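One structure is given below, encoded as structure tokens.
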Amino acid sequence: MLEITVTKKSPFRLETKRSLAEQVADRITKLIVEGKLLAGDRLPPEVDLASQMGVSRTALREGMRTLEAQGLLEIQPGVGTVVREVGSDQLVQPLSLYVEVSDGAVSFEEFHAVRAILETEVASLAAQSATAADVETLRGFMSDMEGNVGNVDAFAESDASFHESLAKMSSNPLLGLLIGALRVLLEEHIRDVVGKIDPVTDVLPYHAAILEGVAAGDPDAARLAMDDHLRKVKDNYYSTVSPG
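Count the sequence shown with numbering that gives the first Met the number 0 and you get residues 0 to 243, in order.
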């Protein structure tokens, strides 16, 4: 098994301003997501790791317990703390944590490109597999959005829930996991824009068209509606948050 050796600039060195235990969990998670720590890799002994991170052993243990609870690390008697194999059911945890600790490293362009790839297919699949109950769920989030036009945070939450629910009803569980993992960024971008536009004309009609395509069981209409929506999202962003 690969062991991390102590260097002058340790990869474990903390750089964020979150609580020490959170920083420990964030840093190790990021190393796992980036492939710098692989399944089976053994972490340095507790004393060495605490020294490399510049934290107390108490803070280190608390952060490590969080990662054990998430299934990312395990303690093997006679071996030490080892990185676990991450199964598909755990995918959402490291990915969503990476998004949370990326600190602006994911640009709007990168995120929007991923949405364009994933969500047009999500809409098409949802139109083919959504049940009557699923459609009512989407109608509920539409109603919440309409009722929260003047409340940026509540509107963003309902908007993100609409998209996450759409992914979950696409008949592909992995799409639901991926969109769910990206929810932090999704809400962030919605909040950045929605307070600077008129949601009644710039957001709600596009969601209504997506809902109509899904409710009609028309995958082509749902896909086109999502594509139109994402084009408008891009236009809204560049005309408000990043003009010119």
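For every residue, glycine included, the Cβ atom is placed at its ideal position computed from N, Cα and C. All values reported here derive from a predicted model rather than from experimental measurement.
Closest by C-alpha distance to ALA166, out of PRO44, LEU59, SER123 and PRO198, is SER123. When secondary structure is reduced to three states using DSSP, GLU84 falls in the coil class, being assigned neither helix nor strand.
Comparing alpha-carbon positions, the option among ARG64, PRO218 and GLU45 lying closest to ARG56 turns out to be GLU45.
In the three-state reduction of the DSSP assignment, GLY79 falls in the strand class. The continuous stretches of alpha helix (DSSP H) do not include LEU71, and DSSP gives it neither H nor E. For ARG17, the secondary structure class from DSSP, reduced to helix, strand or coil, is coil.
Every unbroken stretch of the alpha helix (DSSP H) spanning 4 or more residues and falling wholly within the segment 134–169 is given here in chain order: 151–167. According to the DSSP assignment, ARG182 belongs to the alpha helix (DSSP H) that extends over 182–193. The criterion of a C-beta distance shorter than 9 Å is satisfied by ILE178 and LEU117.
The shortest CA-to-CA distance from LYS233 to any of GLY194, SER50, THR80 and HIS188 is the one to HIS188.
When the alpha-carbon of ARG230 is set against those of ALA20, ALA115, PHE11 and GLU73, the nearest one is in ALA115. Taking each of LEU59, ALA224, ILE196 and ALA207 in turn and checking the Cα distance to GLY149, the smallest one comes out for ILE196.
Its chain contains no residue whose beta carbon lies nearer than 7 Å to that of ALA215 once the 5 sequence neighbours on both sides are disregarded. In this structure, the alpha-carbon of ASN235 lies about 15 Å from that of PHE110. For ASP152, the closest C-alpha among the options GLY139, HIS228, LEU185 and PRO76 is that of LEU185. CA-to-CA, the gap between ASP47 and SER160 works out to about 43 Å. Counting C-beta atoms within 10 angstroms of its own C-beta, PRO43 has 16 or more neighbours from the protein chains shown and is therefore classed as buried. A Cβ-Cβ contact shorter than 9 Å links GLU84 with GLY39. VAL240 is positioned such that its CB atom lies closer than 9 Å to that of PHE107. Sequence-distant partners of SER169 (beyond 5 residues in either direction) whose C-beta falls short of 6 Å from its own C-beta, in its chain, are VAL121, LEU124 and ALA125.
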